[in-house]
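Here's the structure we're looking at; comments come further down.
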Amino acid sequence: MEKERSSFTGKIGFVLAAAGSAVGLGNIWRFPYLAAKYGGGIFLLVYLILAVTFGFALMTAEIAIGRKTGLSAIGAFKKLGKKYAFIGYLESIVPIIILPYYCVIGGWVTKYMVTFISGGAIHTIADDYFGAFIGQPLAPMIYFAVFLGLTTAVICLGVEKGIEKVSKIMMPVLVVLSVIIAVYAMFLPGAMEGVKYYLLPDFSQFSVTTVLAAMGQMFYSMSLAMGIMVTYGSYMKKEVNLESSVRQIEIFDTGIAFIAGLIVIPAVFAFSGGDEAALGKGPGLMFVTLPKVFESMAGGTFIGTLFFVLVLFAALTSSISLMEAVVSIIQDKFKISRGRSCFFTVLISVLLGVPSSLGNGAWSGIKIIGMDFLSFFDFISNSVLMPIVAFFICIFAGYVIKPKTIIEEAEEHGQKFSEKGLFTVVIRYVAPICIVLILISSVLDAMGIMKI
Ligand code: PFF
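Counting from 15, one number per residue, gives the positions in the sequence shown under the working numbering.
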């Protein structure tokens, strides 16, 4: 990279920028439907345990590796161990797969925002509205192009700094608004059953798939195992406390996901009349239930509009960080200009995004290991590639450069790192062993060889 490496202004700047990348559709769209599908309370419990152990250890390791080397993923691993450059390459593939379909879903959010703004909120409560929309060939593609275009514009115009400023206001507003909507949703008639389903773990629902889904979700939500946090770490000043920054990012990210679940799951119970099949609706869950919540609220059209504007914004801050990662990977790898790299990034996004969109309608007959394109890209990145990358990061941090190197980096300038024991045990033993076991069972499951 020819330009001098800039750094975040301080701890708040770092935490907010990392949280801007972390908080996005993963929290608001993906978390609630997974929690609904995988047993509610048990999924939440597994997720929380993973976040404070795996999530903490991995995020610490990635940020420390970035800060120590001052480089993004590919360069960072190479610098610390020549033979391990492959981890950086492997990490780099993940955002390339995620960005296209992320923009497809960002397009859905854009559509809902536009519909609410233009006074069409009432149409969105029909049960088949969402399915009918994503099943069309052209309309979702146009919204996909709009969302991708917005992301590209920010990257090309280099106005990330402005975005950062706006997000300092929008993010807190999103939190406050979500809490208000959650409190409302919880008290809808019949919603308490949903609150119970979400908060009280039912251990009979526990399975390996629950752990795998929760683990993939954690990586996705916290932008882990894809090189992003290494890059962010490289911008982090040495005097900023690494451990407490990681904790704050985690709390922010998990907090928003938790609240989103508290809106969507009780609402499903309230509006489905206790029909549990509604919980398994998958990716459309948020889009189908939220409009119903807004419709039943006083001033719901206004609140719904504001909500979709904020979600779109959260999605944009994430897609910008995703695209930034892809652009700089291509630029560094092929030694081309930033403009060209942007062009190739958009090209890849269109090539992979178009089938992801069409897979819900015209191409729904085409399945890869039983999944439509979007689900397949989601599965391959979250449930296969990210665990593999996370495994290698654990081996690298635990045995090659050793936990001591990470801890020393975190303690530079007299900072304290209090979770040394937890970090070492998780990164050396617990995480790698669990990842291997879970990965094997998930692949067997996907191939239909073994049902878990
Ligand atoms: N963490 C983001 C979310 O939860 O929506 C998704 C994401 C953003 C993943 C940026 C990866 C990334 F680089």
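Even for Gly, the Cβ is constructed at its ideal location relative to N, Cα and C.
| task | Note down, in chain order, each residue of its chain lying with its Cβ closer than 8 Å to the Cβ of K252, except the 5 sequence neighbours on either side. | result | R81, E426 and H427
| Any non-hydrogen atom of the ligand PFF closer than 6 Å to I242 Cβ | yes
| request: Give a yes or no on whether the C-beta atoms belonging to I56 and P215 are separated by under 7 Å. | output: yes
| query | Assuming I383 and A75 make a contact with CB atoms under 8 Å, what is their CB distance in whole Å? | reply | Not confirmed; about 31 Å, so no contact.
| request: Starting from the C-beta of D392, find all residues in its chain whose C-beta is less than 7 Å away, skip the five residues before and the five after it, and write them out in chain order. | output: Y115
| task | Quick one: grab the DSSP three-state call for C382. | result | Residue identity differs from the one stated: residue 382 is Ile in this sequence, not Cys. Here I382 sits in strand by DSSP.
| Counting along the chain, where does the alpha helix (DSSP H) carrying L72 start and finish? | F70 to T83
| query | Are L11 and P109 close, meaning C-beta to C-beta below 7 Å? | reply | Nothing can be reported for residue 11: it is not among the residues displayed for the chain, which extend from 15 to 466.
| Taking one C-beta from the stretch 145-153 and one from the stretch 325-332 each time, how about it: are there three or more such pairs within less than 8 Å? | no
| Would the beta-carbon of N396 be found less than 6 Å away from any heavy atom of the ligand PFF? | no
| task | Give the secondary structure of Y234 by DSSP, where H, G and I count as helix, E and B as strand, and everything else as coil. | result | helix
| message | Which complete alpha helix (DSSP H) runs does the stretch 122-160 hold, if anything under 4 residues is left out? | response | 143-149
| Apart from the five residues just before and just after M15, which ones in its own chain have a Cβ nearer than 6 Å to its Cβ? | Low confidence applies here, because M15 scores a pLDDT of 41, under 50, leaving its location unreliable; read the following figure in that light. So the list is empty, once near-sequence residues are dropped.
| said: Suppose you measure from the CA of E207 to the CA of F348; what does that come to, to the nearest Å? | reply: 54 Å
| How long is the line joining the alpha carbons of S248 and G27, rounded to whole angstroms? | 14 Å
| Given K51 as reference, the closest of V450, R352, N374 and A291 once Cα atoms are compared | A291
| message | Just to confirm the assignment, what range does the alpha helix (DSSP H) spanning I454 have? | response | A445 to A460
| field | Contacting residues, own chain, Cβ-Cβ under 7 Å from A87 (five flanking each side not counted) | value | G102, E105, S106, G241, V244 and T245
| Burial state of V60, where buried means 16 or more other Cβ atoms lie within 10 Å | buried
| message | Using CA atoms only, rank isn't needed, just tell me which of K175, V368 and S310 is closest to A199. | response | S310
| field | Reference V190, options G69, M232 and A274, closest by Cα | value | A274
| query | So, are the CB atoms of F125 and Y157 less than 7 Å apart? | reply | Looking at the sequence shown, residue 125 is not Phe but Lys. Contact: yes.
| query | Roughly how far, in whole angstroms, is the beta-carbon of S432 from the beta-carbon of T165, given that I think they are within contact range, below 8 Å? | reply | Actually they do not touch by this definition, with Cβ atoms about 38 Å apart.
| From A159 to Y143, what does the alpha carbon distance come to, in whole angstroms? | 21 Å
| How many Å lie between K465 and T303 at the Cα? | Confidence at K465 is low in this model, with a pLDDT of 44, below 50, so its placement is unreliable and no value can be given for it.
| field | Buried or exposed (CB count within 10 angstroms, at least 16 for buried), G172 | value | exposed
| task | Tell me whether D216 sits in a helix, a strand or coil according to DSSP, three-state version. | result | coil
| C-alpha gap between Q429 and S389, whole angstroms | 43 Å
| request: With a threshold of 16 other CB atoms inside 10 Å of the CB of G134, please say whether the residue is buried or exposed. | output: exposed
| Complete runs of the beta strand (DSSP E) confined to the stretch 384-445 [at least 3 residues] | none
| message | What does the Cβ neighbour count give for F217, buried or exposed, with the cut at 16 atoms within 10 Å? | response | exposed
| field | Residues near T320 in its chain [Cβ-Cβ closer than 7 Å; skip 5 each side] | value | Looking at the sequence provided, one finds Leu at residue 320 rather than Thr. Excluding positions up to five away in sequence, the list reads L191.
| task | Please report how far the alpha carbon of N255 lies from the alpha carbon of I415, in whole angstroms. | result | 21 Å
| query | Below 7 Å between beta carbons: does that hold for D267 and V37? | reply | yes
| said: Whole angstroms are fine: how far does the CA of Y98 sit from the CA of T315? | reply: 53 Å
| query | Can you tell me the Cα-Cα spacing of V193 and I277, whole angstroms? | reply | 8 Å
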